[in-house]
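**Q**
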Amino acid sequence: MSREQNLHIAEKLLGMIGQGAAPPDIAALFSRDVQFEVAGDVGALPWIGKRVGRDAASDFFGDTRRLTQPERFDVQAILADEGRAVILGELASKVHATGKTIETSFALILTISSLEISRFQMLEDSYAVSRAARP
349 MSREQNLHIA
359 EKLLGMIGQG
369 AAPPDIAALF
379 SRDVQFEVAG
389 DVGALPWIGK
399 RVGRDAASDF
409 FGDTRRLTQP
419 ERFDVQAILA
429 DEGRAVILGE
439 LASKVHATGK
449 TIETSFALIL
459 TISSLEISRF
469 QMLEDSYAVS
479 RAARP
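If you want it as structure tokens, here you go:
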């Protein structure tokens, strides 16, 4: 994959998220056996932990919409090379169940092969996420 192709895939992912595309449509950008990883307090929210498969991507985007209210999602940079794209930014989301707000910087690391995202790794302030998600 070229740097430009990987940059395009990252921008397409962000565009679909921003436009409110259906979770299965967003998940179509991912490989069938995508390695999906969101580090943190497993059990605090359903998407935290390691999962495999396109359903993991669909569930992530569906669950985040269902369980949180986005307040801010600012992309600061998108970096790309021949194997991956990295999206850097800051976000704030209110957790419906607790009324608490998650505020964190984030990095989305997308490993890309054959024009599909084959690994999705989200790095964020997992302590802040856990505190907002737990009563």
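Just so it is clear: in the sequence shown, position 106 is 454 by my numbering, and no numbers are missing.
C-beta: ideal position from N, C-alpha, C; glycine also.
Taking the alpha-carbon positions, what's the A476 to E451 distance?
**A** Looking up residue 476 in the sequence shown gives position 128. Looking up residue 451 in the sequence shown gives position 103. Distance between the alpha carbons of A476 and E451: 7 Å.
**Q** Would you mind giving the Cβ-Cβ distance between L439 and A455, rounded to the nearest angstrom? I have them listed as a contact below 8 Å.
**A** Taking the sequence shown and counting its residues from 1, one reaches residue 439 at position 91. Taking the sequence shown and counting its residues from 1, one reaches residue 455 at position 107. Contact flag wrong, Cβ pair sits at about 11 Å.
**Q** Can you tell me which of the three DSSP states M364 falls into?
**A** Within the sequence shown, numbered from 1, the residue matching residue 364 stands at position 16. If DSSP states are grouped into helix, strand and coil, M364 belongs with the helices.
**Q** I believe V400 touches Q383 by the beta-carbon criterion, under 8 Å. Please report the beta-carbon distance rounded to the nearest angstrom.
**A** Locating residue 400 in the sequence shown gives position 52, counting from the first residue. Locating residue 383 in the sequence shown gives position 35, counting from the first residue. Sure, about 6 Å apart at Cβ, within 8 Å.
**Q** Is DSSP giving E488 helix, strand or coil here?
**A** Residue 488 lies beyond the residue range present for the chain, which begins at 349 and ends at 483; the question has no answer from this structure.
**Q** Quick check on the DSSP output: the alpha helix (DSSP H) that includes I374 runs from which residue to which?
**A** Walking along the sequence shown from the start, residue 374 turns up at place 26. From DSSP, the alpha helix (DSSP H) with I374 extends over P371 to A375.
**Q** With distance defined between alpha-carbon atoms, name the residue in S474, D373 and K442 nearest to R420.
**A** Your numbering for residue 420 matches position 72 in the sequence shown. Of the candidates S474, D373 and K442, the one whose C-alpha sits nearest the C-alpha of R420 is K442.
**Q** Closest to M364 by CA distance: which of S466, S406, K398 and A481 is it?
**A** Counting from 1 along the sequence shown, the entry for residue 364 is found at position 16. Minimum Cα distance to M364 is reached at S406.
**Q** Can you list, in chain order, the residues of its chain with a C-beta nearer than 8 Å to that of K448? Leave out the 5 residues immediately preceding and following it.
**A** By 1-based counting over the sequence shown, the position of residue 448 is 100. Only K442, R479, A480 and A481 meet the Cβ criterion.
**Q** Nearest by alpha-carbon distance to T412: which of V390, D422, A387 and I396 is it?
**A** One-based indexing of the sequence shown puts residue 412 at position 64. Nearest option by C-alpha distance: I396.
**Q** For Q424, which residues from the same chain have a beta carbon less than 6 Å from its beta carbon, with the 5 sequence-adjacent residues on both sides left out?
**A** Here the question's residue 424 lines up with position 76 in the sequence shown. Result list for Q424: L436 and G437, in chain order.
**Q** Can you list the beta strand (DSSP E) stretches of 3 or more residues lying completely in the stretch 380-457, in chain order?
**A** Segments of the beta strand (DSSP E) lying fully in the stretch 380-457: 397-400, 416-428 and 432-443.
**Q** Provide the residue span of the alpha helix (DSSP H) that contains R479, from first to last.
**A** On the sequence shown, residue 479 is found 131 positions in, with the first residue counted as 1. Its alpha helix (DSSP H) spans residues S474 to A481.
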